[in-house]
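Novice: Following this message is one structure expressed as structure tokens.
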Amino acid sequence: MVNDVRLILPVVLLLAGCVGTLRIPAPETAPRLKVLWSLDLHREVPVNKLYGKQEFSSPVLADRRLVVATSAGEVHDLNPFNPSDRRILPVKSDSLLAAPLFLPDKEDLLILADLDGTLQALAWPTGKLRWTKLLSGSVLQTPAYDGELLYLLDTSHTLTAVTVNKGEVRWTQRHEPERAQDLLSAISPVVHHDALFIGQADGVLQCLERLDGKERWRRVLEPLGEGQRLIGFAAPVQVFDNLLIAATYSSALYGLSSETGDTMWRRVDIPGIVAMTASSEGILYIGASDGSFHALDRDTGASHWTLNSSAFEARAGELPSPALVLGEYLVLGYTQSDLFLLRRSDGALLDRLALGSGLCSSPTLGPEGTFFVLSNLGVLYQLSLVQ
20 MVNDVRLILP VVLLLAGCVG TLRIPAPETA PRLKVLWSLD LHREVPVNKL YGKQEFSSPV
80 LADRRLVVAT SAGEVHDLNP FNPSDRRILP VKSDSLLAAP LFLPDKEDLL ILADLDGTLQ
140 ALAWPTGKLR WTKLLSGSVL QTPAYDGELL YLLDTSHTLT AVTVNKGEVR WTQRHEPERA
200 QDLLSAISPV VHHDALFIGQ ADGVLQCLER LDGKERWRRV LEPLGEGQRL IGFAAPVQVF
260 DNLLIAATYS SALYGLSSET GDTMWRRVDI PGIVAMTASS EGILYIGASD GSFHALDRDT
320 GASHWTLNSS AFEARAGELP SPALVLGEYL VLGYTQSDLF LLRRSDGALL DRLALGSGLC
380 SSPTLGPEGT FFVLSNLGVL YQLSLVQ
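Residue numbering for the sequence shown follows our numbering, starting at 20 and increasing by one per position.
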């Protein structure tokens, strides 16, 4: 997870959207969190000059392996069922902050985006370099992919479409911000059918033609208020047919028409949205900068339930990560706190697990009902739910 996002990222039970004041005990039959193994990925390497400490990407499954990139320019590759079966890929990189992208449909390629602006495609599992492309700015986020092209937004506000087979540039589009901001907060592009959606660092949301980058529409969703230092988008947009969900740092959550950009609904009462996950049943799970966590109806924005930060005993400045949906449960971590298991229907707290240093990435779904989390100290955990 990117460091700037981590800085801004971070049971009281709400029944049917009404705030409760007492924590309701979980049923005795409720599942609990169980650690299957842990592995310390932190190594003694030269300190990253930009961020001052070693950072880690979210874990990514690549075929039957697990891959984690680091700000030291390393790529860890290990067997999720036998973590002692591990290696470090021979990658030439200065710093990798974006999670790798595994493409099994293109002869098993692993795509890496470097902080120096280099995009690399490696053959998997050998790690042999297939091609490399230098972009105009640093890449902090995982590329989007549509089966033919990779789409990357770099820190020069340039969106680039690159062919996946040879790394050739198909088109570029540079966005000129209308105002300066103290922290870049653009989001990764999102592909939906023949459209590409991108939230820029100055609060502009664009819909582009996927194949040539021509603009269909744009909306300014985050006007810069007096004294406001941080603007932009908190998470990649979510697209569901004609409905697009966009979350901004200034406490605004939008349901928009993906065809026109027109507003269908809007919420402005959730302070500083920092994380968003959507379920297949039409529920949005929203993490806020005050440590609260919300379940909303995707189509209307109406609240199902809300948990205040006190439900998690979160200290000031602790922020929730994007949640992982596991059937009828949610797995939720905090930047400086514990890992929590919630019941999706009402937000009831079922279990919590102390990892010692909080999480630096959102939980990642693994094989056979397992999942992975990575702590701020670089310890990788595989977990499961047990009765």
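Quick reminder that beta carbons are idealized off the backbone N, C-alpha and C, glycines included.
Quick one: any contact between the segment 377-390 and the segment 324-331, if contact means 3 or more CB pairs under 8 Å?
Specialist: Touching, no, given that fewer than three Cβ pairs across the two stretches are closer than 8 Å.
Novice: Check PHE331 in the structure and name its three-state DSSP category.
Specialist: Three-state result, PHE331: helix.
Novice: Identify the continuous beta strand (DSSP E) that holds LEU345 and give its terminal residues.
Specialist: Counting along the chain, the beta strand (DSSP E) containing LEU345 begins and ends at 343-345.
Novice: State the beta-bridge partners of ASP316 as determined by DSSP.
Specialist: Partner(s): ILE302.
Novice: Alpha carbons only, please: which of LEU378, TYR400, ARG371 is nearest the one belonging to PRO50?
Specialist: The residue with the shortest Cα to Cα distance from PRO50 is ARG371.
Novice: Run the proximity test for ARG149: is its beta-carbon closer than 7 Å to any non-hydrogen atom belonging to the ligand MG?
Specialist: The ligand content of the structure shown is nil, which means the ligand MG is not present either.
Novice: Using 8 Å as the Cβ pair cut-off and three pairs as the minimum, do the segment 304-323 and the segment 267-284 touch?
Specialist: The segment 304-323 vs the segment 267-284: in contact.
Novice: Whole-angstrom Cβ separation of VAL183 and PHE121, contact assumed at under 8 Å?
Specialist: That belief does not hold up - the Cβ atoms of VAL183 and PHE121 are roughly 12 Å apart, past 8 Å.
Novice: Tell me which residues share the same chain as PRO290 and place their Cβ nearer than 8 Å to its Cβ, disregarding the 5 neighbours each side in the sequence.
Specialist: Around PRO290: SER270, ALA307, SER308, ASP309, SER311.
Novice: Would you mind stating whether LEU368 and ALA330 have Cβ atoms separated by less than 8 Å?
Specialist: Contact: yes.
Novice: Taking the beta carbon of PRO109 as the centre, do at least 16 other beta carbons fall within 10 Å, making it buried, or is it exposed?
Specialist: When all chains shown are included, PRO109 counts as exposed.
Novice: Counting only beta-carbon atoms, is ARG235 nearer than 8 Å to chain D?
Specialist: Absent here is chain D; the protein component of the structure consists of one chain.
Novice: Assuming GLU387 is part of the beta strand (DSSP E), what are its boundary residues?
Specialist: Note, GLU387: premise wrong, no beta strand (DSSP E); not H, not E.
Novice: What residues in its chain sit with their C-beta under 6 Å from that of PRO119, if we drop five residues either side in the sequence?
Specialist: If we look at PRO119 and ignore the five residues flanking it on each side, its Cβ neighbours are VAL79, VAL86, ALA88, LEU129, LEU131.
Novice: How would you label THR48, buried or exposed, when you count the other beta carbons within 10 angstroms and need 16 or more for buried?
Specialist: Looking at its Cβ environment, which holds fewer than 16 other Cβ atoms inside 10 Å, THR48 is exposed.
Novice: Would you tell me roughly how many angstroms separate the C-alpha atoms of VAL188 and PHE359, rounded to the nearest one?
Specialist: Roughly 43 Å separates the two Cα atoms.
Novice: Quick one: what's got a C-beta closer than 8 Å to LYS125's C-beta in the same chain, skipping five residues either side?
Specialist: Around LYS125: VAL183, ASN184.
Novice: Taking DSSP as the reference, what is the three-state secondary structure of LEU399?
Specialist: In the structure shown, LEU399 sits in a strand (DSSP, three-state: E or B).
Novice: Could you check what DSSP says for TYR164 in three-state terms: helix, strand or coil?
Specialist: Strand.
Novice: What did DSSP end up calling ASN184 once you bin it into helix, strand or coil?
Specialist: Looking at ASN184 - three-state DSSP - the assignment turns out to be coil, as it is neither helix nor strand.
Novice: Is the CB-CB distance between THR354 and LEU393 below 8 Å?
Specialist: Not closer than 8 Å, so no.
Novice: Skipping 5 residues on each side, what residues in its chain have a beta carbon closer than 7 Å to that of LEU361?
Specialist: Cβ within range, chain order: TYR348, LEU349, LEU351, ALA367, LEU368, LEU369.
Novice: Cα-Cα, which of ASP113, ILE264, TRP190 is closest to SER90?
Specialist: The shortest Cα separation from SER90 among ASP113, ILE264, TRP190 belongs to ASP113.
Novice: SER207: buried (16+ other C-beta within 10 angstroms of its C-beta) or exposed?
Specialist: With 16 or more Cβ atoms within 10 Å of its Cβ, SER207 is classed as buried.
Novice: Kindly identify the DSSP beta-bridge partner or partners of TRP324.
Specialist: For TRP324, which the question treats as bridged, DSSP gives the partners ALA314.
Novice: Can you tell which of SER356, GLY346, ARG193 has the C-alpha that lies nearest to the C-alpha of SER403?
Specialist: Ranking SER356, GLY346, ARG193 by Cα distance to SER403 puts GLY346 first.
Novice: If you compare alpha carbons, which of VAL344, ALA266, GLY280 is closest to SER299?
Specialist: With distances taken between Cα atoms, SER299 lies closest to VAL344.
Novice: Report, in whole angstroms, the separation of the C-beta atoms of ILE217 and LEU172, which I expect to be a contact under 8 Å.
Specialist: With 8 Å as the limit, ILE217 and LEU172 qualify as a contact, their Cβ atoms being about 6 Å apart.
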